[in-house]
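Number 539 in the numbering used here belongs to position 291 of the sequence shown; there are no gaps in the numbering.
C-beta atoms are modelled at their ideal positions from N, C-alpha and C, and glycine is treated no differently.
Some notes on the structure that comes next.
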Amino acid sequence: MKKYRIGVDIGGTNIKIALVDFDGKIAYSNTTPTRAEMGYEAGVNNIKQAIKDIMNESATDAKSIEAIGFGLPGQIDYKEGVVKNLPNIPGWVNVPLAKIIEDEFKIPTKLDNDVRCAALGELNFGAGKGCDNLICITIGTGIGSGIILNGKLIRGASNAAGEIGHIKMSMNEGPLCGCGDYGCFEAYASGPAIVTMAKEYISGGKSAKYKEMAQDGAITPYFVAQAALAGDAVSIQIFKQMGKIIGVGLSSVINLLNPEKVIIGGGVADAGEILLEPIRQTIKDRAMPIQANTVKIVPAQLANTAGVIGASLLVNS
Ligand code: ADP
Numbered sequence: 249m250k251k252y253r254i255g256v257d258i259g260g261t262n263i264k265i266a267l268v269d270f271d272g273k274i275a276y277s278n279t280t281p282t283r284a285e286m287g288y289e290a291g292v293n294n295i296k297q298a299i300k301d302i303m304n305e306s307a308t309d310a311k312s313i314e315a316i317g318f319g320l321p322g323q324i325d326y327k328e329g330v331v332k333n334l335p336n337i338p339g340w341v342n343v344p345l346a347k348i349i350e351d352e353f354k355i356p357t358k359l360d361n362d363v364r365c366a367a368l369g370e371l372n373f374g375a376g377k378g379c380d381n382l383i384c385i386t387i388g389t390g391i392g393s394g395i396i397l398n399g400k401l402i403r404g405a406s407n408a409a410g411e412i413g414h415i416k417m418s419m420n421e422g423p424l425c426g427c428g429d430y431g432c433f434e435a436y437a438s439g440p441a442i443v444t445m446a447k448e449y450i451s452g453g454k455s456a457k458y459k460e461m462a463q464d465g466a467i468t469p470y471f472v473a474q475a476a477l478a479g480d481a482v483s484i485q486i487f488k489q490m491g492k493i494i495g496v497g498l499s500s501v502i503n504l505l506n507p508e509k510v511i512i513g514g515g516v517a518d519a520g521e522i523l524l525e526p527i528r529q530t531i532k533d534r535a536m537p538i539q540a541n542t543v544k545i546v547p548a549q550l551a552n553t554a555g556v557i558g559a560s561l562l563v564n565s
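And the structure:
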């Protein structure tokens, strides 16, 4: 009898894999290094081994597994089960991963973008339970999103919907974005943007606690958040400013889609209320009243398990 699904969350550093039951509970999980530098063939073998290991270690046979789902950090053709391209994992171009895994394990396999998987996880078993319309965003190295409308995940005409980080925040100027354009949302507000702002304050002559915390000189958003929580005025100001920018970007999306909730996850969101509060305030000030009065801005609940739990749900989504 089918009791489980396998969810796999592929990141630039680690592959997370979990055996997930039909109530969204993780029965068994593992992590293994991605070793992106070894190319996609070694990566595929690595993934196959991780699936074999989790089945062996949990004493689960293929008959009890309904499906395998993968969340990957890039552009994925969900219908064809093909990885189109992963910006941070070189060599993964047009890889028919679903077929490779189905041929090996004879278990139905689906792939999608990792943030969309996180949105599915949060919708079904996390902060989005009971919602029909939500946006799940992750703030880390970049800003990504998964959009649920009328209970359904939105993929778009060519599986590329949800690129919230590339909303244009200026006409034809602003910081250069990784996508090649200028003035994108994620070029203004993301982990690297926090670091840029933090360095500007120091070179402008301000003393800031995060500089002392980063003993080897590598300032990270984590240190800026810790300094803010310890009452450092410059760090509090940086998070206020970041929250304001994120609130402006989100106001456009909230006006457009009228969601019940915006769920905020990703490493930078672990800063908590020092980031969420200025986001809420800005949305109140800048989004249209009906949409602003409806939407709730909440932290993600599933933390780093949203990806594997969501990936396990792809077969029915
Ligand atoms: P990626 O986008 O690379 O997957 P993550 O979503 O894991 O990254 O986010 C990593 C970023 O989150 C790093 O820049 C790190 O400094 C930052 N970070 C981690 N914990 C916190 C925290 N508690 N507060 C603020 N930033 C944090």
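Would you call ILE341 buried or exposed, if buried means 16 or more other Cβ atoms sit within 10 Å of its Cβ?
One point to set straight first is that residue 341 is Val, not Ile, in the sequence displayed. It is exposed - the Cβ of VAL341 has fewer than 16 other Cβ atoms within 10 Å.
Does the Cβ-Cβ distance between ARG283 and GLY291 come in under 9 Å?
Contact: yes.
Looking at the unbroken alpha helix (DSSP H) that takes in ILE402, where does it start and where does it end?
First-last for ILE402: undefined, no H or E at that position.
Apart from the five residues on each side of it in sequence, which residues of its chain come closer than 6 Å, Cβ to Cβ, to GLY495?
Taken in chain order, the residues that qualify are ILE527, THR530 and ILE531.
Pick out every residue whose C-beta is nearer than 5 Å to a heavy atom of the ligand ADP: which are they, in chain order?
So the residues near the ligand ADP by this Cβ test are GLY388, THR389, GLY439, THR468, PRO469, TYR470, ALA473, GLY514, GLY515, VAL516, ASP518 and ALA519.
Sort CYS379, ASP429 and ILE412 by Cα distance to ASN420 and report the nearest one.
Measuring from the Cα of ASN420, the nearest candidate turns out to be ASP429.
Hey, how far is the Cα of SER500 from the Cα of ASP380?
Those two C-alpha atoms are separated by around 19 Å.
If you measure between the beta carbons of ASP269 and PHE318, is that distance less than 9 Å?
Their beta carbons are not under 9 Å apart, which means ASP269 does not touch PHE318 by this criterion.
For the pair the region 293 to 311 and the region 348 to 362, tell me if three or more CB-CB distances fall below 8 Å.
Enough Cβ pairs lie closer than 8 Å, so yes.
Does the structure place the region 507 to 519 close enough to the region 374 to 392 that three or more beta carbon pairs sit under 8 Å?
Enough Cβ pairs lie closer than 8 Å, so yes.
DSSP state of PRO440, grouped into three classes?
Correct three-state label for PRO440: helix.
ILE467: which of ALA478, LEU477, SER483 and GLY479 sits nearest, CA to CA?
Among ALA478, LEU477, SER483 and GLY479, the Cα nearest to that of ILE467 is on SER483.
Report buried or exposed for GLY465, applying the criterion of at least 16 other Cβ atoms within 10 angstroms of its Cβ.
So GLY465 ends up on the exposed side.
DSSP three-state call for THR468: helix, strand or coil?
If DSSP states are grouped into helix, strand and coil, THR468 belongs with coil.
Give the single residue among ARG364, ASN336, LYS327 and VAL363 whose Cα lies nearest to the Cα of ALA346.
Cα-wise, what sits closest to ALA346 is LYS327.
Helix, strand or coil for ALA199, going by three-state DSSP, please let me know.
In the structure as shown, the chain starts at 249 and stops at 565, and residue 199 therefore has no counterpart that could be examined.
Using only alpha-carbon positions, find the residue among LEU401, ASP518 and VAL556 that is nearest to SER438.
Nearest C-alpha to SER438: ASP518.
Would you mind stating whether ILE442 and VAL516 have Cβ atoms separated by less than 9 Å?
For ILE442 and VAL516, yes; Cβs fall inside 9 Å.
Which runs of the beta strand (DSSP E) spanning at least 3 residues fall entirely within the region 269 to 349, listed in chain order?
Qualifying beta strand (DSSP E) stretches, in chain order: 274 to 281, 313 to 320, 323 to 325, 330 to 333 and 341 to 343.
Within 10 Å of its beta-carbon, does GLY404 have 16 or more other beta-carbons around it, so buried, or fewer, so exposed?
GLY404 is exposed by the Cβ-count criterion.
Return the first residue and the last residue of the alpha helix (DSSP H) that ASP533 is part of.
Note, ASP533: alpha helix (DSSP H), 521 to 534.
For ALA366, tell me which candidate among GLY255, ILE302 and GLY453 has the shortest Cα-Cα distance.
The candidate whose alpha carbon is nearest that of ALA366 is GLY255.
Taking the straight line between their C-alpha atoms, what separation do you get for ASP533 and MET417?
Each residue's Cα considered, the two are about 17 Å apart.
Using DSSP bridges, identify the partner residues of THR261.
In the DSSP output, where bridge partners are listed per residue, THR261 has none listed.
With a threshold of 6 Å on Cβ separation, who are the neighbours of ILE502 within its own chain once the five nearest residues in sequence on each side are excluded?
Excluding sequence neighbours, ILE502 sits near ALA535, GLN539 and VAL543.
Select from GLU305, ALA298 and ASN262 the residue whose C-alpha is nearest the C-alpha of ALA275.
For ALA275, the nearest C-alpha among the options comes from GLU305.
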